[in-house]
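Taken in sequence, the protein lines are chains A and B. Residues in the first sequence are numbered consecutively from 1, following the numbering used here. Residues in the second sequence are numbered consecutively from 247, following the numbering used here. Shown next, in structure tokens, is the structure this report addresses.
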Amino acid sequence: MQCRNVLITMAAAATGASVPLLRAANANAEAAGGATPDPATHWEAGAANPALPPRAAGLLFLTAAEAETLGAMADRLIPADELSIGGKEAGCVTFIDRQLDGTFGHGVSDYRLGPYHRGTPEQGPQNQLTPAQRYRAGLKALHAYCQQQYGKTYAQLDAATQDVVLTAMEQNKLALGDVESKLLFELILQNVCEGFLADPVYGGNKDMASWKMLGFPGARYDFRDYMDQKGKKQNFIPVSLVSNSR
Amino acid sequence: MANIRAKADAVIVGLGWCGSLMAEELTRAGLNVVAIERGPWRDAAKDFPTSVDADELRWDARRSMILPPAIEALTFRNTSSERALPAREWNTFDFGYNVGGAGTHWAGMAWRFTPFDFQPATHVKARYGQKQLVDGLIVQDWG
Chain A
1 MQCRNVLITM AAAATGASVP LLRAANANAE AAGGATPDPA THWEAGAANP ALPPRAAGLL
61 FLTAAEAETL GAMADRLIPA DELSIGGKEA GCVTFIDRQL DGTFGHGVSD YRLGPYHRGT
121 PEQGPQNQLT PAQRYRAGLK ALHAYCQQQY GKTYAQLDAA TQDVVLTAME QNKLALGDVE
181 SKLLFELILQ NVCEGFLADP VYGGNKDMAS WKMLGFPGAR YDFRDYMDQK GKKQNFIPVS
241 LVSNSR
Chain B
247 MANIRAKADA VIVGLGWCGS LMAEELTRAG LNVVAIERGP WRDAAKDFPT SVDADELRWD
307 ARRSMILPPA IEALTFRNTS SERALPAREW NTFDFGYNVG GAGTHWAGMA WRFTPFDFQP
367 ATHVKARYGQ KQLVDGLIVQ DWG
């Protein structure tokens with residue numbers, strides 16, 4: 001009972017504190033044409049600059065065909081089971097779409113000047129394509145491969161064949177034009193995991209499904225009220241940045 | 247247009263841990279000190295309020311507080327016979343990018359102490375033997 005009251009108080013305090021800040025930042029973003037501010041460079045005095053919730057509907061970067069392929073892949077990488085919903089239902093495609101449309105997709109933080117040389121694995125990626133370009137070119141080549149090999153799109157393949165294709169990508173055995181299939185596989189795997197586990201404010205992790213599955217308390221800041229309750233299961237209800245900012 | 251400022255006794259380039267300590271010492275000694283820093287001014291109330299602070303994608307995965315390779319990239323090679331190449335994407339080198347330098351983000355990972363941390367002498371001795379604790383090494387258990 002006491003615990004429950006504390007939870008409610010904490011939630012109310014977090015919500016109340018952040019509302020004016022969010023409004024100010026939203027106003028700034030709207031004034032700038034609705035573009036998501038780049039947190040690496042964007043700075044406004046007095047603005048909290050929170051992550052903005054994704055626009056509700058539609059795709060911003062991906063084509064419908066690309067989204068269908070990625071949805072099928074997300075469900076192979078994170079299949080629905082008795083523990084949680086699958087990657088597709090969790091919104092991983094929406095997450096990837098918003099990421100590719102933003103600073104991540106355009107490689108804004110990456111060093112992108114030439115000259116480009118092939119390096120050792122230790123020297124990290126030396127790839128001219130931004131993540132968004134890698135997705136676009138790689139999925140196009142993958143579509144052509146699936147059509148030629150199976151006469152179907154990736155999403156139309158049965159689950160076992162989808163796994164064969166993914167495994168070939170992971171082992172770098174698939175020729176996808178300018179895109180190394182292993183790098184594309186790793187990028188997709190990384191982004192699907194991020195979409196499944198990151199805050200719902202970014203478009204994935206529907207209803208905090210992954211956090212509820214893991215028992216992760218979410219975007220909570222302060223646990224001082226619970227520090228002396230050692231060994232006691234708290235059953236925290238996860239908190240999302242979405243609810244923090246409302 | 248050149249921006250000419252008043253002369254200072256000392257100019258510190260980079261106001262991280264080291265620069266801040268130097269600034270403290272120099273100003274205590276009565277000097278007029280100017281510090282130059284790159285990146286934005288950040289502070290907790292504005293940039294990391296509790297409603298934003300726990301965003302792992304933003305701070306950890308996308309490293310939004312860290313100097314992006316796009317602004318300054320390091321070149322890297324393992325041996326002198328290799329061609330040094332720029333570290334183009336996020337990598338092992340995390341530098342601060344704000345007033346305060348890495349001092350602003352250094353506590354990003356403060357892991358809970360492991361049993362080893364409390365009894366380093368005992369654990370090292372048990373695993374590697376007494377010979378590992380050479381003369382002059384003052385490692386000892388804490389508790």
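We treat Cβ as the ideally placed atom computed from N, Cα and C, and that holds for glycine. Only a predicted model underlies this, so the values are computations on that prediction, with no experimental measurement involved.
Bounding residues of the alpha helix (DSSP H) (the contiguous stretch that carries B:PRO282): Within the second sequence, numbered from 1, the residue matching residue 282 of chain B stands at position 36. The question names Pro, yet the displayed sequence has Ile at residue 282 of chain B. Here B:ILE282 belongs to no alpha helix (DSSP H); instead the beta strand (DSSP E) covers 279-282.
Starting from the beta carbon of A:PRO200, find every residue of chain B whose beta carbon is closer than 8 Å, and list them in chain order. On the first sequence, position 200 is the one that residue 200 of chain A refers to. Going along chain B, no residue has its Cβ under 8 Å from A:PRO200, so there is no contact; the nearest lies around 11 Å.
Neighbouring residues, chain B, relative to A:VAL179 (Cβ below 8 Å): Taking the first sequence and counting its residues from 1, one reaches residue 179 of chain A at position 179. Correct list: empty, because the minimum Cβ distance to chain B is about 16 Å.
Sub-9 Å separation of A:LEU256 and A:TYR135 beta-carbons: Residue 256 of chain A falls outside the range modelled here, since chain A spans only 1 to 246, and no answer is possible.
Contacting residues, own chain, Cβ-Cβ under 6 Å from B:LEU313 (five flanking each side not counted): Locating residue 313 of chain B in the second sequence gives position 67, where the first residue counts as 1. Around B:LEU313: PHE341, TYR343.
Comparing the C-beta of A:ALA40 with each C-beta of chain B, is any distance below 9 Å? Position 40 of the first sequence, counted from the start, is the residue given in the question as residue 40 of chain A. Interpretation of A:ALA40 is limited by its pLDDT of 49, a score under 50 that renders its predicted location unreliable; the figure taken from the coordinates is listed afterwards. Yes, because at least one Cβ of chain B sits closer than 9 Å to the Cβ of A:ALA40.
Run through chain A and tell me which residues come within less than 9 Å of B:PHE322, C-beta to C-beta. Translated into the one-based positions of the second sequence, residue 322 of chain B becomes position 76. Contacts between B:PHE322 and chain A, judged by CB atoms closer than 9 Å, involve GLY119, GLU122, GLN123, GLY124 in chain order.
In three-state terms, what does DSSP make of A:ILE78? Your numbering for residue 78 of chain A matches position 78 in the first sequence. Three-state DSSP puts A:ILE78 in coil, outside helix and strand.
Is A:LEU70 helix, strand or coil when you go by DSSP? As a position in the first sequence, residue 70 of chain A is number 70, starting the count at 1. Looking at A:LEU70 - three-state DSSP - the assignment turns out to be helix.
Beta carbon proximity, A:GLU194 to chain B, threshold 9 Å: Here residue 194 of chain A corresponds to residue number 194 of the first sequence, with the count starting at 1. It does: the Cβ of A:GLU194 has a partner Cβ on chain B nearer than 9 Å.
Within 10 angstroms of its Cβ, does A:ALA74 collect 16 or more other Cβ (buried), or is it exposed? What you label residue 74 of chain A is simply residue 74 of the first sequence in a count that begins at 1. Burial call: buried.
Using the C-alpha atoms, what's the distance from B:PRO315 back to B:TRP336? To locate residue 336 of chain B, count along the second sequence from 1; it is residue 90. To locate residue 315 of chain B, count along the second sequence from 1; it is residue 69. When the Cα atoms are used, B:TRP336 and B:PRO315 turn out to be separated by approximately 7 Å.
Exposure label - A:PHE223; buried when at least 16 CB within 10 Å: Against the first sequence, residue 223 of chain A aligns to sequence position 223. Result: exposed.
I'd like the span of the alpha helix (DSSP H) that includes A:ALA315, first residue to last. Summary: the structure shown does not reach residue 315 of chain A, with chain A confined to residues 1 through 246, and so no result is reported for it.
Looking at chain B, is there any beta carbon in it that lies within less than 9 Å of the beta carbon of A:PHE104? On the first sequence, position 104 is the one that residue 104 of chain A refers to. By the rule that beta-carbons nearer than 9 Å mark a contact, A:PHE104 touches chain B.
Counting along the chain, where does the beta strand (DSSP E) carrying B:ALA256 start and finish? For the purposes of this step, residue 256 of chain B is identified with residue 10 of the second sequence, where counting begins at 1. Start and end: 256-259.
Report yes if the CB atom of A:LYS140 is closer than 9 Å to the CB atom of A:GLY177, and no otherwise. Within the first sequence, the letter at position 140 stands for residue 140 of chain A. Within the first sequence, the letter at position 177 stands for residue 177 of chain A. Closer than 9 Å, so yes.
Could you tell me the distance, in whole angstroms, from the CA atom of A:CYS92 to the CA atom of A:LEU113? If you number the first sequence from 1, residue 92 of chain A lands on position 92. If you number the first sequence from 1, residue 113 of chain A lands on position 113. Approximately 31 Å, taken between the alpha carbons.
When DSSP labels each residue in this structure, what does A:GLY151 get in the three-state scheme? Your numbering for residue 151 of chain A matches position 151 in the first sequence. The answer is coil: DSSP assigns A:GLY151 none of H, G, I, E or B.
Opening and closing residue of the alpha helix (DSSP H) in which B:TRP352 lies: To locate residue 352 of chain B, count along the second sequence from 1; it is residue 106. Counting along the chain, B:TRP352 falls outside any alpha helix (DSSP H), and DSSP gives it neither H nor E.
Per DSSP, the bridge partner or partners of B:PRO332: Locating residue 332 of chain B in the second sequence gives position 86, counting from the first residue. Looking at the DSSP assignment, B:PRO332 forms a beta bridge with B:THR321.
Alpha carbon to alpha carbon, how far is B:ALA307 from A:LEU197? Sequence index remark: in the second sequence, residue 307 of chain B carries index 61 (1-based). Sequence index remark: in the first sequence, residue 197 of chain A carries index 197 (1-based). Each residue's Cα considered, the two are about 11 Å apart.
Spell out whether any CB of chain A is found under 9 Å from the CB atom of B:ASP299. Taking the first residue of the second sequence as 1, we reach residue 299 of chain B at position 53. At least one chain A Cβ lies under 9 Å of B:ASP299.
At the level of alpha carbons, what is the spacing between B:ASP381 and A:MET208? Taking the second sequence and counting its residues from 1, one reaches residue 381 of chain B at position 135. Taking the first sequence and counting its residues from 1, one reaches residue 208 of chain A at position 208. Going by C-alpha positions, B:ASP381 is about 55 Å away from A:MET208.
Measure the alpha-carbon distance for B:LYS253 versus B:GLY260 and round it to whole angstroms. Stepping through the second sequence from its first residue, residue 253 of chain B is reached at position 7. Stepping through the second sequence from its first residue, residue 260 of chain B is reached at position 14. A straight line joining the alpha-carbon of B:LYS253 with that of B:GLY260 spans about 18 Å.
Would DSSP call A:ALA209 helix, strand or coil? Taking the first residue of the first sequence as 1, we reach residue 209 of chain A at position 209. The three-state secondary structure of A:ALA209, taken from DSSP, is helix.
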